[in-house]
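Asker: One structure, as structure tokens, below. Some questions next.
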Amino acid sequence: MTMHPVDRAALRPRVEKALAVFLAERRTHMAAIDDGLLPLADAVESFILGGGKRLRPAFAYWGYRGAGGDDRDDVVTALASLELVQASALMHDDLMDASDTRRGEPSVHRRFEALHRQRSWQGEPGGFGAAAALLLGDLCLVWSDELLHGSGLDPAVVAHARPVYDLMRTEVMVGQYLDVLTQASADTSVSRASKVARFKSAKYTVEHPLLFGAALAGAPAELSEAYSAFGLPLGEAFQLRDDVLGVFGDPAATGKPAGDDLREGKRTYLIAKAFEGAGPDDRAALAAGLGRPDLDEAGVARLRQIITDTGALAQTEAYIRQLTDTALAALAAAPVEPEAAEVLRALADAAVRRAT
3 MTMHPVDRAA
13 LRPRVEKALA
23 VFLAERRTHM
33 AAIDDGLLPL
43 ADAVESFILG
53 GGKRLRPAFA
63 YWGYRGAGGD
73 DRDDVVTALA
83 SLELVQASAL
93 MHDDLMDASD
103 TRRGEPSVHR
113 RFEALHRQRS
123 WQGEPGGFGA
133 AAALLLGDLC
143 LVWSDELLHG
153 SGLDPAVVAH
163 ARPVYDLMRT
173 EVMVGQYLDV
183 LTQASADTSV
193 SRASKVARFK
203 SAKYTVEHPL
213 LFGAALAGAP
223 AELSEAYSAF
233 GLPLGEAFQL
243 RDDVLGVFGD
253 PAATGKPAGD
263 DLREGKRTYL
273 IAKAFEGAGP
283 DDRAALAAGL
293 GRPDLDEAGV
303 ARLRQIITDT
313 GALAQTEAYI
323 RQLTDTALAA
333 LAAAPVEPEA
343 AEVLRALADA
353 AVRRAT
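Under my numbering, the residues of the sequence shown are numbered 3 to 358, in order.
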């Protein structure tokens with residue numbers, strides 16, 4: 003069986019071990035404060051250790067190795083902090099989108115809503131769930147700093163990489179706001195959808211992890227520029243694949259209901275291309291159906307048909323291929339260590355040819 007690129011250098015179990023050790027320490031700390039905090043510890047352990055592709059630490063690790071960095075456990079621990087950034091972003095994203103599930107399990111705010119009902123507490127369960135998800139997402143962002151700075155790396159090395167790390171976290175928050183703004187303003191332009199994809203996901207999924215790893219290795223500017231030329235288009239292709247799966251994906255694989263992005267009113271590149279190619283009746287149907295939480299299976303099927311008939315799906319798939327080709331050409335020209343280049347090519351393939 004072919005090894006998944008994330009598992010090269012036994013990376014996945016090493017990342018997960020670093021996370022498990024760190025979260026066990028945080029559990030002990032929270033238990034010492036108050037046993038009422040233990041549901042938070044349970045939720046964050048379930049969320050972070052219960053699944054995930056570990057793509058961000060993988061891109062960061064092979065970006066580091068591609069710059070000539072040696073394999074070190076303290077580096078792997080530092081890169082595991084990216085999973086805490088990811089957890090924070092996803093918890094907040096699910097809350098803003100009112101998503102019921104994540105990876106086939108209740109989203110964090112729904113989990114705490116259920117806890118509120120189970121315990122027959124006072125107040126409104128939805129408000130309690132939202133507050134818990136907001137705070138736990140914030141806590142994960144704080145903990146990402148703690149894990150990075152407690153990794154054992156030389157503080158000077160961490161300080162050198164810190165600007166990339168901070169920019170990554172800033173831009174994902176900016177991108178999240180642009181996503182919310184685009185949904186609220188019902189902007190259907192391709193340019194806005196592309197900007198949201200770039201800042202909400204593309205940069206912090208591929209480009210910034212690569213640059214973070216490169217910075218930890220002390221890479222020259224030439225290599226960092228090459229990583230950006232590879233990482234940004236690949237990250238955009240990754241997000242476009244996510245957008246396609248959000249409409250056409252198999253719920254058994256994605257862990258989310260079919261057509262969830264349609265119910266949430268996501269103004270993605272795929273949807274923008276559908277609006278661009280639709281006639282008046284289909285545009286009206288798209289506008290009426292998007293963002294309806296009660297959109298039934300027939301409604302989802304109708305919108306899918308419009309997206310297909312307008313050519314939006316085919317155009318998005320073609321754009322994914324174009325972006326991926328651009329990224330791989332940049333990688334081929336980059337001054338990257340050969341083993342790392344091989345794994346980065348495999349990671350690129352895994353990022354865009356996926357069902358989850």
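All C-beta atoms, glycine included, are put in the ideal place defined by N, C-alpha and C.
#1: Near VAL192, which residues of its chain fall below 8 angstroms by C-beta distance, leaving aside the five closest residues on each side in sequence?
#2: By Cβ distance below 6 angstroms, which residues in the same chain neighbour LYS258 in space, the five residues on each side in sequence not counted?
#3: For a quick check, are the C-beta atoms of ALA82 and PRO59 less than 7 angstroms apart?
#4: Cβ atoms of ALA353 and THR2: under 7 angstroms apart, would you say?
#5: Report the residue ranges of all alpha helix (DSSP H) runs contained in full by the stretch 168–233; include only those spanning at least 4 residues, in chain order.
#6: Between the C-alpha atoms of ALA158 and SER146, what's the straight-line distance to the nearest angstrom?
#7: Tell me whether the beta-carbon of ILE322 lies closer than 7 angstroms to the beta-carbon of LEU264.
#8: Do the stretch 208–221 and the stretch 286–299 meet, that is, are 3 or more Cβ pairs less than 8 angstroms apart?
#9: Among VAL345, GLU227 and THR79, whose alpha-carbon lies nearest the alpha-carbon of LEU155?
#10: On the CB-based measure, 16 or more other CB atoms within 10 Å of its CB, does TRP123 come out buried or exposed?
#11: Looking at the unbroken alpha helix (DSSP H) that takes in LYS275, where does it start and where does it end?
#12: Can you list, in chain order, the residues of its chain whose CB lies under 6 angstroms from that of THR358, leaving out five sequence neighbours each side?
#13: Taking only the alpha-carbon atoms, compute the straight-line gap between ALA62 and GLY248 and give it to the nearest angstrom.
#14: Compute the Euclidean distance between the alpha carbons of MET3 and ARG171, then round it to the nearest angstrom.
#15: Can you look up GLU126 in the DSSP assignment and give me helix, strand or coil?
#16: Between SER90 and GLY139, which are expected to be in contact by the criterion C-beta below 8 angstroms, what is the C-beta distance as a whole number of angstroms?
#17: Any beta carbon from chain B within less than 7 angstroms of ALA342's own beta carbon?
#18: Pull up the CB-CB distance for LEU288 and ALA69, whole angstroms please, since I reckon it's below 8 angstroms.
#19: Quickly, what does DSSP pair PRO108 with across the bridge? List them, please.
#20: If you reduce the DSSP assignment to three classes, tell me which class GLU339 lands in.
#21: Can you tell me where the alpha helix (DSSP H) holding ASP284 begins and where it ends?
#22: For a test of the three-state rule: what should DSSP assign to LYS19, helix, strand or coil?
#23: Would the stretch 330–346 and the stretch 301–320 be scored as touching if the rule is three or more Cβ pairs under 8 angstroms?
#24: Between GLY53 and the rest of its own chain, which residues show a CB-CB distance below 6 angstroms, the 5 nearest in sequence each way excluded?
#25: According to DSSP, is PRO7 part of a helix, a strand, or is it coil?
#26: Starting from LEU39, trace the alpha helix (DSSP H) both ways and give me its first and last residue.
#27: Applying the 10 Å Cβ sphere with the 16-neighbour rule, what's the burial state of VAL77?
Answerer: Taking the geometry as given:
#1: In the same chain as VAL192, and ignoring 5 residues on each side of it, the C-beta atoms closer than 8 angstroms to its own belong to TYR271, ALA274, LYS275 and GLU278, in chain order.
#2: THR103, listed in sequence order.
#3: Yes, these two residues count as a Cβ contact at 7 angstroms.
#4: Outside the displayed range of the chain (3 to 358) lies residue 2, so it cannot be described from this structure.
#5: For the stretch 168–233, whole alpha helix (DSSP H) runs of length 4 or above, ordered along the chain, are 192–199 and 210–218.
#6: So the two alpha carbons sit approximately 18 angstroms from each other.
#7: One thing to note: ILE322 has its Cβ no nearer than 7 angstroms to the Cβ of LEU264.
#8: Cβ pair count under 8 angstroms is below three, so no.
#9: Nearest C-alpha to LEU155 among VAL345, GLU227 and THR79: THR79.
#10: Exposed is the label assigned to TRP123, since fewer than 16 other Cβ atoms lie within 10 Å of its Cβ.
#11: Run containing LYS275: 271–279, per the alpha helix (DSSP H) assignment.
#12: So the qualifying residues of the chain are ALA255 and THR256.
#13: Distance between the alpha carbons of ALA62 and GLY248: 26 angstroms.
#14: Confidence in MET3 is poor, its pLDDT being 39 and thus under 50, which makes the residue's placement unreliable; the coordinate value appears in the next sentence. So the two alpha carbons sit approximately 36 angstroms from each other.
#15: GLU126 falls in the coil class under three-state DSSP.
#16: For a cut-off of 8 angstroms, the C-beta gap from SER90 to GLY139 is around 5 angstroms, short enough to register as a contact.
#17: Within the model displayed, chain B is absent; a lone protein chain is all it includes.
#18: Not quite, the Cβ-Cβ distance comes to about 45 angstroms (not below 8 angstroms), so this is no contact.
#19: DSSP lists THR103 as the bridge partner or partners of PRO108.
#20: It is coil, neither helix nor strand.
#21: Residues 282–291.
#22: In the structure shown, LYS19 sits in a helix (DSSP, three-state: H, G or I).
#23: A contact is defined here as three or more CB-CB pairs under 8 angstroms, and the stretch 330–346 fails this definition with respect to the stretch 301–320.
#24: Taken in chain order, the residues that qualify are ARG105.
#25: Correct three-state label for PRO7: helix.
#26: That residue, LEU39, is in no alpha helix (DSSP H); it is neither H nor E in DSSP.
#27: So VAL77 counts as buried.
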